[in-house]
Amino acid sequence: MTTAAHRSRLLLCLATVYLVWSSSFLFTKIGVTRLPPFLFGSVRFMVGGALLFLFARLSAVRRGEAALPVIGAAEWRRAAVVGFFTVLVSNGCNMWGLQTVTSGEAALLGVGATFLITLLGTMGPRAHPLTKPVLAGLLMGVVGLYLVVDPGSASAAEDAGHALAEAVILIGCAGWAVGTIYQRNAAIQLDLMSFTGLQMMLGGALMAVPALVGGEPARWNWDPAGLAALAWMTIMSSCIAYSAFAWLSVNATPAQIGSAGLVNPALAALLGWWALDERLTAAQILGMGVILVGVLLATWPGIRDSVPPAAPRADA
């Protein structure tokens, strides 16, 4: 892959993750308030993962490869580890917390994953050092988030249940960061799309465990808004955006990978204000602008100067 092609794919994948996953907080909020949360997530990931895996194998057949690859025990283990952290821990905690907090607040808390990805990305066989532009961009992101959170207007944080939901979402952020860096450093044998579909299916199966323990199948219903949210999350978030992020996890720098945690909160807060009447102040709007500038500062030098990795994973 040429440098120009690599840069174009990098920009396309970043834009996909930014736009689709910023809307995911809104649709997840709708889904978990109308459908049982863990069963909502389990169905989303198992169906989305199966569709993604099927599409990957059909593409492989067109390239003259085997329809069903031989998946060794080590590859099953890698997929299960990534699925555990990025699906069960991260998304499971986020969905549980979204039953209490607003979609915009959940997105703002998600910025914790950005800092953890960037910091964890300094370790391991594919370690990437922190540069001055990256540090400056992250600091701007912190300032912007302070404005977006607007702590002077928050009163619900005093509630113990609200604080617990926030803590659980932050645990999910840690799970996402660990799973992302693990996948970045793992010696994956499958093509990225097949691996992503496999780890999503395994993560969805793991998420079915708390759903069954909590008796959620008995509470399932066919609410139209909940099903529409489930369809959006399955196709757009689980299939399309997840594939883009999987490519980024291998081909982008940790700062670029984690930049979605700075962009998405701003966009998610706007969507929550527009669609769910969630509060949005002038300070928060200013903070969103600061966040976007910080992301450009942290990611653009790497995009501008990016070169393809020695063995680019272009099959996603």
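So for the sequence shown, this note's numbering puts the first residue at 1272; every next one is plus one. Just so it is clear, CB atoms sit at the ideal spot from N, CA and C, and this is done for glycine as well.
DSSP three-state label for residue 1285, please.
Position 14 of the sequence shown holds residue 1285. In the structure shown, residue 1285 sits in a helix (DSSP, three-state: H, G or I).
Kindly give me the distance between the Cβ atoms of residue 1535 and residue 1293, rounded to whole angstroms, as I take these residues to be in contact under 8 Å.
The sequence position of residue 1535 within the sequence shown is 264, counting from 1. The sequence position of residue 1293 within the sequence shown is 22, counting from 1. At roughly 4 Å, the Cβ-Cβ gap stays under 8 Å, so residue 1535 and residue 1293 are in contact.
Nearest to residue 1390 (by Cα), restricted to the options 1396, 1400 and 1474:
Here residue 1390 corresponds to residue number 119 of the sequence shown, with the count starting at 1. Comparing Cα positions, the closest option is 1400.
Would you decide whether residue 1488 is buried or exposed? Buried here means 16 or more other CB atoms lie within 10 Å of its CB.
Numbered from its first residue, the sequence shown carries residue 1488 at position 217. Its Cβ having fewer than 16 others within 10 Å, residue 1488 is exposed.
Can you tell me where the alpha helix (DSSP H) holding residue 1437 begins and where it ends?
Locating residue 1437 in the sequence shown gives position 166, where the first residue counts as 1. From DSSP, the alpha helix (DSSP H) with residue 1437 extends over 1431–1456.
If you drop the 5 nearest sequence neighbours on each side, which residues of the same chain put their C-beta closer than 7 Å to that of residue 1349?
Counting from 1 along the sequence shown, the entry for residue 1349 is found at position 78. 1457 and 1459, listed in sequence order.
Got a sec, what are the start and stop residues for the alpha helix (DSSP H) residue 1362 sits in?
Position 91 of the sequence shown, counted from the start, is the residue given in the question as residue 1362. No alpha helix (DSSP H) contains residue 1362, which DSSP labels as neither H nor E.
Could you tell me how far apart the beta carbons of residue 1501 and residue 1315 are, in whole angstroms, since I believe they sit closer than 8 Å?
For the purposes of this step, residue 1501 is identified with residue 230 of the sequence shown, where counting begins at 1. For the purposes of this step, residue 1315 is identified with residue 44 of the sequence shown, where counting begins at 1. Correct: roughly 6 Å between the Cβ atoms.
Enumerate in chain order the residues of its own chain whose CB-to-CB distance from residue 1588 is below 8 Å, with the five nearest sequence positions on each side excluded.
Any property of residue 1588 remains undetermined from this structure, which presents the chain solely from 1272 to 1587.
Going by alpha carbons, who is nearest to residue 1308 out of 1352, 1365 and 1318?
Numbered from its first residue, the sequence shown carries residue 1308 at position 37. Of the listed residues, the one whose Cα sits closest to residue 1308 is 1365.
Residue 1330 - containing alpha helix (DSSP H), residue span:
Residue numbering aside, residue 1330 sits at position 59 when the sequence shown is read from its first letter. Element bounds for residue 1330: 1308–1333.
With 16 as the cutoff for other CB atoms within 10 Å, does residue 1548 come out buried or exposed?
Residue 1548 sits at position 277 when you count from the first residue of the sequence shown. Classification of residue 1548: exposed, given that the 10 Å Cβ count is below 16.
Check whether the region 1443–1454 touches the region 1335–1344, counting contact only when three or more Cβ pairs, one atom from each stretch, lie closer than 8 Å.
In the pairwise beta carbon analysis, the region 1443–1454 is classified as not touching the region 1335–1344: fewer than three pairs are separated by under 8 Å.
Taking Cβ positions, are residue 1323 and residue 1464 nearer each other than 8 Å?
Here residue 1323 refers to the residue found at position 52 when the sequence shown is read from its first residue. Here residue 1464 refers to the residue found at position 193 when the sequence shown is read from its first residue. Yes.
Which first and last residues belong to the alpha helix (DSSP H) in which residue 1336 is found?
Walking along the sequence shown from the start, residue 1336 turns up at place 65. Looking at the DSSP string, residue 1336 is not in any alpha helix (DSSP H), and its letter there is neither H nor E.
What are the uninterrupted segments assigned as alpha helix (DSSP H) that are 4 or more residues long and contained completely in the region 1497–1546, given in chain order?
The qualifying runs are 1513–1522 and 1525–1529.
Decide if residue 1213 is buried, meaning its Cβ has at least 16 other Cβ atoms within 10 Å, or exposed.
This structure does not reach residue 1213, given that the chain is present from 1272 up to 1587, and the question cannot be answered.
Is residue 1287 closer than 8 Å to residue 1517 when the C-beta atoms are compared?
Taking the sequence shown and counting its residues from 1, the one referred to as residue 1517 is at position 246. Taking the sequence shown and counting its residues from 1, the one referred to as residue 1287 is at position 16. In this structure, residue 1517 lies away from residue 1287, with their beta-carbon atoms at least 8 Å apart.
Excluding sequence positions up to five away, which residues of its chain have a Cβ less than 8 Å from the Cβ of residue 1297?
Here residue 1297 refers to the residue found at position 26 of the sequence shown. The residues are 1374, 1539, 1542, 1543, 1546 and 1547.
For a quick check, are the C-beta atoms of residue 1440 and residue 1388 less than 8 Å apart?
Taking the sequence shown and counting its residues from 1, the one referred to as residue 1440 is at position 169. Taking the sequence shown and counting its residues from 1, the one referred to as residue 1388 is at position 117. No.
Taking 8 Å as the cut-off, decide whether the C-beta atoms of residue 1497 and residue 1317 are in contact.
Your numbering for residue 1497 matches position 226 in the sequence shown. Your numbering for residue 1317 matches position 46 in the sequence shown. No; because the gap between Cβ atoms is not below 8 Å, this pair is not in contact.
Inter-residue spacing [alpha-carbon to alpha-carbon] between residue 1405 and residue 1568
For the purposes of this step, residue 1405 is taken as residue 134 along the sequence shown, with counting starting at 1. For the purposes of this step, residue 1568 is taken as residue 297 along the sequence shown, with counting starting at 1. Taking the straight line from one Cα to the other gives about 7 Å.
Here's the rule I'm using: 16 or more other beta-carbon atoms within 10 Å means buried, otherwise exposed. How should residue 1275 be labelled?
Sequence index remark: in the sequence shown, residue 1275 carries index 4 (1-based). Classification for residue 1275: exposed.
Measuring only the C-alpha atoms, how far is residue 1242 from residue 1347?
An answer regarding residue 1242 cannot be provided, because it is not within the stretch 1272 to 1587 covered by the chain.
What first and last residue would you give for the alpha helix (DSSP H) that runs through residue 1475?
Residue mapping note: residue 1475 aligns to position 204 of the sequence shown, counting from 1. Per DSSP, the continuous alpha helix (DSSP H) segment holding residue 1475 begins and ends at 1463–1484.
For residue 1482, I'd like the list of residues in its chain whose CB is within less than 6 Å of its CB, leaving aside the five on either flank, ordered along the chain.
Counting from 1 along the sequence shown, the entry for residue 1482 is found at position 211. Around residue 1482: 1309, 1310 and 1313.
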